[in-house]
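Residue numbering for the sequence shown follows this note's numbering, beginning at 2 and increasing consecutively.
Even for Gly, the Cβ is constructed at its ideal location relative to N, Cα and C.
Keep in mind it's a predicted model, so treat the numbers as computed, not measured.
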Amino acid sequence: MHTAYCANLAHCGIFCRDLEAMKAFYCGVFDMQETDRGQGVTFRFDIVFLSGREEQHHQLALAGGRGLQTPSTVMQLSFKVQCLDHLREARRRALALGATQMRGLNHGNALSIYCLDPEENTVEVYLDTPWYVSQPHGDPLDLDLDDEAIWVQTERLVHSDPSFMPVDEWRRQFVLRGQALKQAAGTAGG
Numbered sequence: 002m003h004t005a006y007c008a009n010l011a012h013c014g015i016f017c018r019d020l021e022a023m024k025a026f027y028c029g030v031f032d033m034q035e036t037d038r039g040q041g042v043t044f045r046f047d048i049v050f051l052s053g054r055e056e057q058h059h060q061l062a063l064a065g066g067r068g069l070q071t072p073s074t075v076m077q078l079s080f081k082v083q084c085l086d087h088l089r090e091a092r093r094r095a096l097a098l099g100a101t102q103m104r105g106l107n108h109g110n111a112l113s114i115y116c117l118d119p120e121e122n123t124v125e126v127y128l129d130t131p132w133y134v135s136q137p138h139g140d141p142l143d144l145d146l147d148d149e150a151i152w153v154q155t156e157r158l159v160h161s162d163p164s165f166m167p168v169d170e171w172r173r174q175f176v177l178r179g180q181a182l183k184q185a186a187g188t189a190g191g
């Protein structure tokens, strides 16, 4: 019996000017380690593979070859954490390793910090909430408040949004939409 088709985004790669500086940043902030490195066979530039998980060879591939004047084309690289203290720790580490433009945003469905890495790629670190509100949504997030104050403020914000629902309800609707799309594609194809 075949399992159902399910593709999961597993890793990404970015072009870099200074592989060692970028490796130091991502290993230092996110506890990643180098798993391999070498010159690509079809991509003729040096590549450093990084992972923070033993079950995943690489989560991030850093590739040389970005020109000194070439701007970043990365919209954002996002890392998920489990609690507010982890957001605070990511902020501390990132700033210590040269991150700039640090800011916090409360998306209602997630609490996030954003910064620029040493090569001006946008990095997000986020924590899911138990709620859904339509996106994009962004209110200021002050991580210097205590956890209780942040959660009370977030719950007040999401309940005032007309699109609010518990995330479990959003997930149920997501599954139903997916089933309807599959059914429609099956009907259209046959």
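- Per the C-alpha coordinates, the member of I151, E149, G109 positioned closest to P167 is G109.
- CA-to-CA, the gap between Q57 and F50 works out to about 11 Å.
- Distance from the CA atom of V124 to the CA atom of V134, rounded to whole angstroms, is 22 Å.
- DSSP places V49 within a strand segment (E or B) once states are collapsed to three.
- Between L20 and D37, the CB-CB gap reaches or exceeds 8 Å.
- C-alpha of L63 to C-alpha of L112: approximately 27 Å in a straight line.
- Contact between R94 and G29 is confirmed by a C-beta separation of about 6 Å, below the 8 Å threshold.
- Under DSSP, A64 forms a beta bridge with F16, I48.
- Here M166 carries a strand assignment [DSSP, helix/strand/coil].
- For D148, the enclosing alpha helix (DSSP H) stretches over residues 148-160.
- Positions of the beta strand (DSSP E) runs, each at least 3 residues long and wholly inside the region 106-141, are given as 111-117, 123-129 in order along the chain.
- CA-to-CA, the gap between Q154 and F31 works out to about 28 Å.
- Residue pairing for Q102: DSSP places it in no beta bridge.
- For R18, the CB contacts under 7 Å within the same chain, skipping 5 residues up- and downstream, are R67, L69, E120 in chain order.
- Rounded to whole angstroms, S161 and N107 show a C-alpha spacing of 14 Å.
- Checking the DSSP bridge columns, you'll see D37 partnered with F50.
- Rounded to whole angstroms, the separation of the alpha carbons of F175 and R45 is 41 Å.
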